[in-house]
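If you count by our numbering, then the sequence shown holds residues 15 to 164, one letter each, in order.
Think of the CB as a built atom: it goes at the ideal place given N, C-alpha and C, for glycine as much as any other residue.
See structure below.
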Amino acid sequence: MKKILLLALVTLINIDLSLAQDKINWLTFEEAASMTKSNPKMILVDVYTDWCGWCKKMDKETFTDPKVIDYINSNFYAVKMNAEDTQRTFEFKGKEYTESTMAKAMRVSSYPNFVIMDAAMENITQMPGYRQADPFLKGLDNLMDKFGKK
Numbered sequence: 015m016k017k018i019l020l021l022a023l024v025t026l027i028n029i030d031l032s033l034a035q036d037k038i039n040w041l042t043f044e045e046a047a048s049m050t051k052s053n054p055k056m057i058l059v060d061v062y063t064d065w066c067g068w069c070k071k072m073d074k075e076t077f078t079d080p081k082v083i084d085y086i087n088s089n090f091y092a093v094k095m096n097a098e099d100t101q102r103t104f105e106f107k108g109k110e111y112t113e114s115t116m117a118k119a120m121r122v123s124s125y126p127n128f129v130i131m132d133a134a135m136e137n138i139t140q141m142p143g144y145r146q147a148d149p150f151l152k153g154l155d156n157l158m159d160k161f162g163k164k
C-alpha cells in the first residue's frame, strides 16, 4: 500500500511539474539533497540576501524568463538559500547547518551568487553576480556541457 501511495504521489508531482513550467521549482537544500539520491541531477543554489537589490532583479527578470525556467527545471534541482538566515537548521553530510553557515561553508562572499553542485553534492563552481537571461543560460549550458549529462 505504501508503494502505491508513493507512486501516486510521484506521478502527481511529475504531472504538476510538467504542466506548471511557469516558475522555477525552488527547493530547500535538504530537499534537493534527498531528491538527487533517487534521481541524480546537478544542483543550482541561488545564494541571496533580503537586502540585495541585484538578487531581487534576478528574481523579477531572469528567473521569470520562460527559457530560464524551462532550462533550470529540466536540468537542475534549484535551491534558494538566504545567506543571512541563522534560524532554519538542516543536516548535511553529518553536520548541522543554517543557511548562513552553509553559505559560509560554500565560501560565498557576494550576492547574488550561484553555487553549482554535481549530483554527488560537491561544489563544482560559482557564478557570482547579476546576469540577464541569455548570458545566464549560456553560462549554465557551458557548465552542463562540461560537467553534466546531456
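> Short check: CB of residue 56 to CB of residue 144, under 8 Å?
Replying inline: Cβ atoms of residue 56 and residue 144: not closer than 8 Å.
>> Once DSSP output is grouped into helix, strand and coil, what is the label at residue 44?
In response: Helix.
>> For residue 105 and residue 146, I'd like the C-alpha separation in whole angstroms.
In response: Spanning the two alpha carbons is a distance of roughly 33 Å.
> Do you know how far the Cα of residue 97 is from the Cα of residue 37?
Replying inline: Spanning the two alpha carbons is a distance of roughly 22 Å.
>> Report the CB separation of residue 63 from residue 69 in whole angstroms; it is logged as a contact under 8 Å.
In response: About 7 Å separates the CB atoms of residue 63 and residue 69; that is less than 8 Å, so the two are in contact.
>> For residue 117, which residues in the same chain have their Cβ closer than 7 Å to its Cβ, ignoring the five residues on either side in sequence?
In response: Taking C-beta separations shorter than 7 Å and ignoring five residues to either side along the sequence, the partners of residue 117 in its chain run 61, 95, 97, following chain order.
> To the nearest angstrom, how far is it from the Cα of residue 102 to the Cα of residue 113?
Replying inline: In a straight line, the C-alpha of residue 102 is about 7 Å away from that of residue 113.
> Under the three-state reduction of DSSP, which class applies to residue 134: helix, strand or coil?
Replying inline: DSSP places residue 134 in the coil class of the three-state scheme, outside both helix and strand.
> Quick one: is residue 119 buried, meaning 16 or more other Cβ sit within 10 Å of its Cβ, or exposed?
Replying inline: That one is exposed.
> If you follow the beta strand (DSSP E) that residue 57 is part of, which residue opens it and which one closes it?
Replying inline: 56-62 is the span of the beta strand (DSSP E), which, as asked, contains residue 57.
>> Using only the alpha-carbon positions, how far apart do residue 134 and residue 74 sit?
In response: Taken atom to atom, the span from the alpha-carbon of residue 134 to that of residue 74 is near 30 Å.
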